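Numbering (the numbering used here), first residue to last: 70 to 419.
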């Protein structure tokens, strides 16, 4: 009997670690990515379109691709349609951007796997522009989400659902979003939810009450991470109900301006941890300070990660809108690593 028990215990010790192994999914998020120019300015020597013609598609993400290639999923806010037609241009808007469908190769060259389309430039060229963007991303195998279109990423049996809304869509979709999060988790086996919001005051140094409303609503509805952009500048971090809110990552590869109005940018690297059975266990967020251009004040449309004084300039702006003390940037890793948050962690800065 003792020999049998010993054999059982040895077998259990060998099998149990594998059976209880944690699963991780690593994601990278950027702010606004505009792959194109205004129609009236696209042929100027300083435009994004001219730079693409001169340098090729691989140029734009060349200095950040190494990080993007190491993760499971890189997600950007694609702010502007990819369409070869200039019809249905919304001339009521002061700024409207467009890039040809070939620019999807910029995303592919940069190891970008998913895009948020819920923003105020998605329909710059009407329904045809939006549908062209969807078809182009589909053909390239790049996921997308926005309004009532969700994207589900799956790895090792773990599913993460992505939602996207902009500020004008929020009230009309909040009930749908709450119900859909519950349905996906209950009926389709979704293990975690990422909510991406496009809203806030442009060039506002701090997030506003509406942004808090969006973020808190999403987490109360079941989201496990909230990423925001639109202000074109970096804003603060909040930990709410044990989930991270990034209030604005700022611009990133932004073809909309030939001149740099705000150099500082932020990239969020997020590792979500799950049990072997798929239960969400927690998250760890790394903040990578970046600049949207390697030249200033002219925009070379090639974002890069920064260290030293340039990194500190980014983090100082983020800290001014953050209640808790942010960690220092480690120049070896290039990031400020926030504390790991378990599913029942205590909020920071409250």
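Idealized CB from N, CA, C, for every residue including glycine.
The structure displayed is predicted, hence computed values, not measured ones.
Asked: Cβ pair residue 319, residue 105 closer than 7 Å; Found: no
Asked: Where the alpha helix (DSSP H) containing residue 352 begins and where it ends; Found: From DSSP, residue 352 is part of no alpha helix (DSSP H) but of the beta strand (DSSP E) over 349–360.
Asked: Boundaries (first-last residue) of the alpha helix (DSSP H) holding residue 379; Found: 377–388
Asked: Chain-order list of residues whose beta-carbon lies under 6 Å from that of residue 222 (same chain, five-residue window excluded); Found: 142, 229
Asked: DSSP beta-bridge partners of residue 153; Found: Paired residue(s): none; residue 153 is not in a bridge.
Asked: Uninterrupted alpha helix (DSSP H) stretches inside the stretch 270–332 (no shorter than 4 residues); Found: 278–289
Asked: Inter-residue CB distance, residue 368 and residue 329 (contact presumed, cutoff 8 Å); Found: 5 Å
Asked: Cβ contact check for the stretch 331–341 and the stretch 108–119: 3 or more pairs under 8 Å; Found: no
Asked: Sequence-distant residues of the same chain with beta carbon closer than 7 Å to residue 291, five excluded per side; Found: 250, 251, 254, 262
Asked: Exposed unless 16 or more other CB atoms sit within 10 angstroms - verdict on residue 150; Found: buried
Asked: Segment contact flag, the stretch 293–303 with the stretch 267–283, C-beta cutoff 8 Å, min 3 pairs; Found: yes
Asked: Test item: CB-CB of residue 181 and residue 145 under 7 Å; Found: yes
Asked: Contact set for residue 195: own chain, Cβ-Cβ below 7 Å, skip 5 residues either direction; Found: 157, 159
Asked: Residue(s) in a DSSP beta bridge with residue 223; Found: 228
Asked: Span separating the alpha-carbon of residue 173 from that of residue 395; Found: 35 Å
Asked: Residue interval of the beta strand (DSSP E) (run including residue 101); Found: 92–103
Asked: Outcome for residue 210 when other beta-carbon atoms lying within 10 angstroms are tallied against a minimum of 16; Found: exposed
Asked: Assigned exposure category for residue 493 - 16 Cβ within 10 Å defines buried; Found: Here the chain has residues from 70 to 419 only, and residue 493 is not among them.
Asked: Cβ-based burial, residue 358 [other Cβ within 10 Å; buried from 16]; Found: buried
Asked: Presumed contact (8 Å Cβ cut-off) between residue 260 and residue 347, rounded CB distance; Found: 5 Å
Asked: Runs of alpha helix (DSSP H) wholly within the stretch 184–259 (minimum 4 residues, chain order); Found: 195–209, 239–256
Asked: Whole alpha helix (DSSP H) elements within the stretch 100–146, 4-residue minimum; Found: 117–124, 134–139
Asked: Helix, strand or coil at residue 181 [DSSP, three-state]; Found: coil
Asked: Among 324, 393, 392, nearest to residue 107 - alpha-carbon criterion; Found: 324
Asked: Inter-residue Cα distance where the pair is residue 204 and residue 212; Found: 11 Å
Asked: Nonlocal neighbours in the same chain, by C-beta distance under 6 Å from residue 236, ignoring five residues either side; Found: 268
Asked: C-beta contact flag for residue 193 and residue 169 at 7 Å; Found: no
Asked: Through-space distance from residue 321 to residue 246, alpha-carbon basis; Found: 27 Å
Asked: Contact belief for residue 103 with residue 148 at Cβ below 8 Å, rounded distance in angstroms; Found: 5 Å
Asked: Whole-Å CB distance - residue 227 paired with residue 94, under 8 Å assumed; Found: 6 Å
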